[in-house]
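Protein chains in written order, with my numbering: chain A, 1 to 272; chain B, 1001 to 1452; chain C, 2001 to 2291.
Structure representation (C-alpha cells):
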C-alpha cells in the first residue's frame, strides 16, 4: 500500500511538472487582454474567450506554418531513421577495419555547434541551388540528427545479443528477415526514442528555418511564432494560443499512439 | 554481397519521392519571372499589407516580368540573414539598415550611391534631421524610410498631482523619480533590458545630452571613461533605485505594458507604439493624452538640452544587388505621396514621413489616431525643429561617419559596463576604465585605431 | 558470407555521405576561417595564423564563458538525469493513468523552444508572473524575486532547460527499462533484495550502456546549446551573466562582426568537447565491443 501511495504521489508531481505550465498556457490563451495582466494573476480565467485563437487563425498564416512544420518534421524522421538504423546496424554487426574510428569521427561532427555552421551551410545550400526549399530543411535537420541517432541506436543494437539473429538464421531465415523479425522489434524502443528526438529537433528549429527560407508560404512554426513576438504589441493571448495549438495536437497524438508504443516497447516478452 | 531488405528499399523510395515532392513547390516559380528581394523591419501585418497593395502592386504593373518578394523581420533576424547573404555574395536587392551600421558597410564599398533617387524624391523636401545621415564623400548612400521620435512617456496626471515641473537636469529627474515611486505599488520608470537600448541607444543619449561623445572626433579614441560618461553613469546608478528590480531581464515592449497597466509612472523609452499599448491595456477611462504624454529627457551638467533618439532605418542597395535599378524604381514609387501616406498611416505617428511637405499636410493629419493623439505628433514636430532628437546610437551628428558603431554596439562592451554599474552597483570609475580598455582593444582589432 | 565487412560500409554509406557533404565542409570552413581575420561584411580575409587562439587564451570573456557553459551544462544535465531517471522508473511501473502520464510528460519536450522560453519568462516575470505570486502567497519570500535579473538568471535558465529537456531522458531511459527481462528482477526478489538493491544490482548494470550514451550526448547537446540561452537572455543586459561559449561565439561572429574570431571560438569549443569526451571514454571504459 505504501508502494501504491508513493507511486501516485510521484505520478502527481510528474503531472504537475509536465502539465501545469501547459494548463497555465491554456488558461492565458483563453483570457481576454485585460485579464492577462491582472494582479493577482488568476488561474482559471474569469471570462473565457476564444478571440485569441480566432485572431491567430484569421490574422496570421499560422495554419500554413503548421502544415510546413509537420511535412518537414515527418520527412526528416523518415529519412533519418532509415539512414541511421542502417548505419547503426552496419556499425555494430559488421566487423570492418576502422569501425570504431568512424564512430568516433561521427561523434565529433556532433560536437560542432550548429550555430557556427549556419553561414557556410547557407553558402553550400546556395551552391546546390536548393535555398528556400523544404528539402534544404530536411537535409539540414537530418544531418544534425544523424550523429545522435547513430550513437543512440548503436547502443541499443549493442545490447541485443548477436545470438538471437544467428539463431534465426540457423532456423533458415535470411539476414534481412532475421533483422526485421528479431532485431528491430527489440530495438524498437530505441528507434522510437531516436524518432522522437529527430521529430522534435526538426519541429523546433528556428535558426536554419530563418536563414534558409525566404517565402512566407514555406515558413515553419518557430519562425512564424517568432514573428508574433516581434509585432508592435506583444499579443500574449495570441502567442499562448499559438503555443496551445502547437502542443495539444502533438500530445494528443502521442497519447493515442501510446497504445501501440506500449506494444512496441513491450515487445520481446518483457514488462509492459 | 548483402541484400538490401525490402523495408529499406521501400523506405528509400519513399524518401526520394518525398524529396521530389518537397522541391516541386517553389521550383515552379522563378524561371521566367525575376524576383527582387526587399527586406525591412516593419513587421506589422497591416504595414506589410499596405506595402504589398500600394507600391509593390504599382511596381509590378509598371514592370511586368519582375516580382517583389518583401520580407519583414525583426532587426536581430534581419542582421543574421544579412550576414549569411553577404557571406554567400548574394545580398538582397533592397534592405533596411540601422543608421549606425551604414557607415561600416560604406567603407567596405558594399553600398550603391542613390543620388538620382534622392533628387527624384526631392532633396529639399527631405527633413534636415535625416537627409545627410548617409551622405558620404559627396554622395547619398541611403534614405530613411520613416522617422519616429522617442522620449519618456509619462503619466501626466501623476506628475501634475505632485505639482512637479517637467525635469530639466539630472537632479530634477531624480527628484521626480523619487516622488513618483510608491514602494511596492509603483515604480517611477523602467528602462528596456535589451542590450541595444540600455547598452547603446540610451548611453548615446546621455552623452549627447551631456556634452560628450563616443570617441574623439579626430583620433577616434574611445571616450568611455570621460567625464560626461562618468556623470551619466552616476545618474543612471541613482535612477536604478527607482526602477523595478528585474528590469534588466525584461524587454522594451514589457515596459510599455507596464506603463499602460500602471506598474510604472514613466516608460523610459517610448515612441508612438506606446499608444497601441495604452489603447489595449490601460484602464478604459485613461486612454487619452490627458493621462499619457511624451516627456523630454533631462540634460546633464555638461550639456544644455536633453536629447533623445530618433528612430529611422534607412533603405540601402548593395553593390552586389542583382537588380539595383529596379530597386531604385521601386523606392521612387514607395515615396510617391499617395502610397507613402498610406504607409505612414499604417502605424500612425510611429511612422512619420521624412518629407516636410507631408508632415503638415492636411490629408496626412486627418488620420483618426493622429487626431486623437495630436499632442504626441506636435511634440515630435517641435522636437525636430528644436534639434532635440539625434539618430539612434549617435552622440553627435558627425557620428554618421564612424564606421565601427555597429561593432561597438554588438560587442556589448558598453552594455556590460552599464549593467554592472546600474544593477551590480559596482564602482563607476573601475567599470568605465575596464570598458575603455576593452573598447580600445576592439577598435585596434578592427584596424581603425588612429590614436597613439 | 552475409557478414561481409563491405556490407557494413554500404549500410553506413548514406550516413557518411550526408555528414561528409553537409557538415564536414562547414566544419573545415570554420577551421580555415579561424586562421584568418575577416570582417563579417566582407568577402575578403587576411591570414593571421594562430593569433585569435592566442588572444582567447588570455581573454577573460572566453574563460568566463567556458565557466558559464560548464555551470549551465553541468547543472542542467545533473537535474535532467535525476528528474528523468526517477520519472522513467515511475513510468515503468503499472498503475492507472500511466499511459496518459507518459504522454503528458512529453509535453515540455514538444513545444518549440521559443514558446517554452516565452512561457517560462511569463511564469517568472517579477511583476505578473505566477511563480512570484505563489511564493509571495505562501510567505516564502517577502519581495518579488527578480528571476530574470542578474542574480537568478542562470537559475531560471537552468530551470527552463531542465523542464524542456528532461522528457528526453525519460523516453530514452524508459525505452531501455522496458527491454530488461523481468526474470532478472524475479531472481533478485527471490534472493530477498529490496527495491533499492534491485535498482543498484539489476537496473543500473542493465542500463549502464544507455546511460553512458545519454550522459555523453546530452552533455554535448547542452554545452553547445544556443537557442534557449539566447532567447531567454541573449539580447538583454543580463546576458553577461549567462554568456556561455556558444553565445560568445555567436556574438563574435554576428554582432562584433569579427567572423574569424568567432570561428576560432567555435573550433575551441569543439576541441574542448573532444578533449572532455576522450577523458570520459577513458574513465568509463566504454566500448563493450559487441556485434
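Beta carbons: idealized from backbone N, C-alpha and C, even for Gly.
Any C-beta of chain B under 8 Å from that of residue i
| i | result |
| --- | --- |
| residue 247 of chain A | no |
| residue 42 of chain A | no |
| residue 2147 of chain C | yes |
| residue 118 of chain A | yes |
| residue 2013 of chain C | no |
| residue 141 of chain A | no |
| residue 214 of chain A | yes |
| residue 181 of chain A | no |
| residue 2126 of chain C | yes |
Where residue i meets chain C, residues with beta-carbon distance less than 9 Å
| i | result |
| --- | --- |
| residue 1418 of chain B | 2237 |
| residue 966 of chain B | Residue 966 of chain B lies beyond the stretch modelled for chain B, which goes from 1001 to 1452, so this question has no answer here. |
| residue 190 of chain A | 2172, 2175, 2176, 2179, 2210 |
Local Cβ density within 10 Å of residue i, reported as buried at 16 or more and exposed below that
| i | result |
| --- | --- |
| residue 1026 of chain B | In this prediction, residue 1026 of chain B has a pLDDT of 44, which is less than 50 and means its spatial position is unreliable; what the coordinates show is noted afterwards. Classification for residue 1026 of chain B: buried. |
| residue 2004 of chain C | exposed |
| residue 181 of chain A | exposed |
| residue 1263 of chain B | buried |
| residue 2054 of chain C | exposed |
| residue 1270 of chain B | buried |
| residue 1042 of chain B | buried |
| residue 1184 of chain B | exposed |
| residue 1346 of chain B | buried |
| residue 1285 of chain B | exposed |
| residue 1022 of chain B | Unreliable positioning characterises residue 1022 of chain B in this predicted model, as indicated by a pLDDT of 49, which lies under 50. The coordinate reading is nonetheless provided below. When all chains shown are included, residue 1022 of chain B counts as buried. |
Rounded straight-line distance, which links the Cα of residue j to that of residue i
| i | j | result |
| --- | --- | --- |
| residue 2017 of chain C | residue 2253 of chain C | 29 Å |
| residue 152 of chain A | residue 2274 of chain C | 18 Å |
| residue 2188 of chain C | residue 2110 of chain C | 37 Å |
| residue 1446 of chain B | residue 1109 of chain B | 16 Å |
| residue 1437 of chain B | residue 2225 of chain C | 30 Å |
| residue 2068 of chain C | residue 104 of chain A | 27 Å |
| residue 1075 of chain B | residue 1123 of chain B | 28 Å |
| residue 1098 of chain B | residue 1253 of chain B | 19 Å |
| residue 2106 of chain C | residue 1287 of chain B | 44 Å |
| residue 118 of chain A | residue 1385 of chain B | 46 Å |
| residue 1085 of chain B | residue 1091 of chain B | 5 Å |
| residue 2101 of chain C | residue 1235 of chain B | 54 Å |
| residue 2277 of chain C | residue 2065 of chain C | 19 Å |
| residue 1168 of chain B | residue 1268 of chain B | 15 Å |
Minimum Cβ-Cβ distance from residue i to chain A less than 8 Å
| i | result |
| --- | --- |
| residue 2154 of chain C | no |
| residue 2249 of chain C | yes |
| residue 2300 of chain C | There is simply no residue 2300 of chain C to check, as chain C begins at 2001 and stops at 2291 in what is shown. |
| residue 1281 of chain B | yes |
| residue 2243 of chain C | no |
| residue 2003 of chain C | yes |
Cross-chain neighbours of residue i in chain C, by beta carbon under 7 Å
| i | result |
| --- | --- |
| residue 130 of chain A | The contacting residues do not exist; residue 130 of chain A stays about 11 Å from chain C at best. |
| residue 222 of chain A | 2112, 2114 |
Cutoff 8 Å: residue i Cβ touching any chain C Cβ
| i | result |
| --- | --- |
| residue 226 of chain A | yes |
| residue 1199 of chain B | yes |
| residue 1248 of chain B | yes |
| residue 1440 of chain B | no |
Partners in chain A for residue i, counting only beta-carbon separations shorter than 7 Å
| i | result |
| --- | --- |
| residue 1045 of chain B | 59 |
Interface residues of chain A facing residue i [CB-CB closer than 9 Å]
| i | result |
| --- | --- |
| residue 1135 of chain B | Correct list: empty, because the minimum Cβ distance to chain A is about 31 Å. |
| residue 1052 of chain B | Near residue 1052 of chain B there are no residues of chain A at all, since even the closest Cβ is about 11 Å away, more than 9 Å. |
Contact list for residue i against chain B, beta-carbon separation under 8 Å
| i | result |
| --- | --- |
| residue 1988 of chain C | With chain C represented from 2001 up to 2291, any question about residue 1988 of chain C goes unanswered, as that position is not in the structure. |
| residue 126 of chain A | 1088, 1090 |
| residue 2233 of chain C | 1249 |
Closer than 7 Å: residue i CB and nearest the ligand GTP heavy atom
| i | result |
| --- | --- |
| residue 2212 of chain C | Here there are no bound small molecules, and the ligand GTP is not part of this structure. |
Chain-ordered neighbours of residue i on chain B, where CB pairs are closer than 7 Å
| i | result |
| --- | --- |
| residue 210 of chain A | 1077, 1080, 1081 |
Neighbour list for residue i in chain C, Cβ cutoff strictly below 8 Å
| i | result |
| --- | --- |
| residue 167 of chain A | Here the premise fails: no neighbours, minimum Cβ distance about 15 Å. |
- Check whether the stretch 54-65 of chain A touches the stretch 238-249 of chain A, taking contact to mean three or more Cβ pairs, one atom from each stretch, closer than 8 Å. Yes, they touch.
- Validate contact between the stretch 2252-2272 of chain C and the stretch 2039-2053 of chain C using beta carbons, cut 8 Å, 3 pairs: The stretch 2039-2053 of chain C and the stretch 2252-2272 of chain C touch, with three or more beta-carbon pairs separated by less than 8 Å.
- Flag this pair as touching only if the stretch 1308-1316 of chain B and the stretch 1127-1146 of chain B have three or more C-beta atom pairs under 8 Å; answer yes or no. Three or more pairs of CB atoms, one per stretch, sit closer than 8 Å, so the stretch 1308-1316 of chain B contacts the stretch 1127-1146 of chain B.
- Validate contact between the stretch 2261-2274 of chain C and the stretch 108-118 of chain A using beta carbons, cut 8 Å, 3 pairs: The stretch 2261-2274 of chain C and the stretch 108-118 of chain A touch, with no fewer than 3 CB-CB distances between them shorter than 8 Å.
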